[in-house]
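**Q**
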Amino acid sequence: MKWIYFVLFTIGVLIIFSGGYLTNRSNYNVKNLDSQGENLICFGNSLTVGEGADSGQSYPATLAKKLSFPVINSGGGGDTSYNALQRLQKDVLAKNPFLVIVEFGANDYLKGIPQEETLENIERIIEEIQQAGAAVVLLEVKITFPRDKYISSLKKIAKKKGAFLIPDILKGIHGNPKLMSPDTMHPNGEGYKVLAEKVFKAIEPLLKNKKHIILN
1 MKWIYFVLFT IGVLIIFSGG YLTNRSNYNV KNLDSQGENL ICFGNSLTVG EGADSGQSYP
61 ATLAKKLSFP VINSGGGGDT SYNALQRLQK DVLAKNPFLV IVEFGANDYL KGIPQEETLE
121 NIERIIEEIQ QAGAAVVLLE VKITFPRDKY ISSLKKIAKK KGAFLIPDIL KGIHGNPKLM
181 SPDTMHPNGE GYKVLAEKVF KAIEPLLKNK KHIILN
């Protein structure tokens, strides 16, 4: 009889964990998925611009091809989260987005900005985008501040605000010479393809109700 209870217990645990996974992936708590905005915008620093690759090879450009839908690249080379707040209205909110992919933090770290300030700025960015009626996707870059504390705080902010977090976006890219540009800081064209594929797979469920987007 003991083995029967063990089997039932094991099945129960698997159901609980798989259910949690499915719940997390179902994005039921992502705010503004019913947005009536018109544009998909990538808002970030040089990683969004496409530094390290030829023109037209940025991850937003590759993502647009996969979606068969225009993607606005609102990247700014060297931008910190503070710089992002300063241009948020002009480069994002004024363009009527339905979804904004946000990627900041690396330059804050490089310029010695306290991570608490960075997290506050990112939270404000999320809030202002959501107040404008758009959904937010947050890209997690693990090469910045002391990882555990920063990443943990970023995840808490995403959960609290109802933003969709894509974890460790550069995993498998950063440190791979085949996917990195000579500056060793930014991906090359092939690296951005991998990054775009990760983003595409993650946001695909968020776009199911967007009839004007063709999911390839």
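full-length UniProt numbering applies: residue 1 is where the sequence shown begins, and numbers increase by one. All C-beta atoms in this analysis are idealised placements derived from N, C-alpha and C, irrespective of residue type, glycine included.
1) Please classify Ala135: does DSSP put it in a helix, a strand, or coil?
2) By the 10 Å Cβ neighbour count, where 16 or more other Cβ atoms means buried, how is Glu204 classified, buried or exposed?
3) Return the residue from the list Asn32, Asn209, Asn45 that minimises the CA-CA distance to Pro97.
4) Does Lys198 pass the burial test, meaning 16 or more other C-beta atoms within 10 Å, or should it be called exposed?
5) Which residue wins for smallest C-alpha separation from Asp168, given the options Ser181, Lys66, Glu127, Asp148?
6) How far does the alpha helix (DSSP H) with Leu207 in it reach, from first residue to last?
7) Does the stretch 68-81 come close enough to the stretch 130-141 to have 3 or more Cβ pairs within less than 8 Å?
8) From this set, Gln115, Ile113, Glu190, which residue's C-alpha is nearest Gln57's C-alpha?
9) With distances taken from CA atoms, which of Val71, Ser81, Asp34, Ile173 is nearest Ala61?
10) DSSP state of Glu103, grouped into three classes?
11) Could you check whether the stretch 176-191 touches the stretch 33-42, counting it as contact only if at least three pairs of C-beta atoms, one from each stretch, sit closer than 8 Å?
12) Should Leu63 and Ala196 be called a contact, given that it needs their Cβ atoms to be closer than 7 Å?
13) Any C-beta of chain C sitting closer than 7 Å to the C-beta of Lys198?
14) Closer than 7 Å by C-beta to Lys201: which residues in its own chain qualify, once you throw out the five before and the five after it? Chain order, please.
15) What whole-angstrom Cβ distance do Leu154 and Leu99 have, given they're in contact under 8 Å?
16) Near Arg124, which residues of its chain fall below 8 Å by C-beta distance, leaving aside the five closest residues on each side in sequence?
**A** According to the data block:
1) Looking up residue 135 in the sequence shown gives position 135. DSSP places Ala135 in strand when its eight states are reduced to three.
2) Position 204 of the sequence shown, counted from the start, is the residue given in the question as residue 204. By the beta-carbon neighbour count (other beta carbons within 10 angstroms, threshold 16), Glu204 is exposed.
3) Position 97 of the sequence shown, counted from the first residue, corresponds to residue 97. Among Asn32, Asn209, Asn45, the Cα nearest to that of Pro97 is on Asn32.
4) Within the sequence shown, the letter at position 198 stands for residue 198. Buried.
5) Start at 1 with the first residue of the sequence shown, and residue 168 comes out as number 168. Answer by Cα proximity: Asp148.
6) Position 207 of the sequence shown, counting from 1, holds the residue named residue 207. Judged by DSSP secondary structure, Leu207 falls outside any alpha helix (DSSP H); it is assigned neither H nor E.
7) no
8) Against the sequence shown, residue 57 aligns to sequence position 57. When each option's Cα is compared against that of Gln57, the closest is Glu190.
9) Counting from 1 along the sequence shown, the entry for residue 61 is found at position 61. With distances taken between Cα atoms, Ala61 lies closest to Val71.
10) What you label residue 103 is simply residue 103 of the sequence shown in a count that begins at 1. Note: Glu103 maps to strand in three-state DSSP.
11) no
12) What you label residue 63 is simply residue 63 of the sequence shown in a count that begins at 1. What you label residue 196 is simply residue 196 of the sequence shown in a count that begins at 1. Yes, the Cβ-Cβ distance between Leu63 and Ala196 is below 7 Å.
13) You won't find chain C in this structure, because it holds only one protein chain.
14) Start at 1 with the first residue of the sequence shown, and residue 201 comes out as number 201. If we look at Lys201 and ignore the five residues flanking it on each side, it has no Cβ neighbours.
15) In the sequence shown, the residue the question calls residue 154 occupies position 154. In the sequence shown, the residue the question calls residue 99 occupies position 99. Not confirmed; about 19 Å, so no contact.
16) Within the sequence shown, numbered from 1, the residue matching residue 124 stands at position 124. Contacts found: Leu85.
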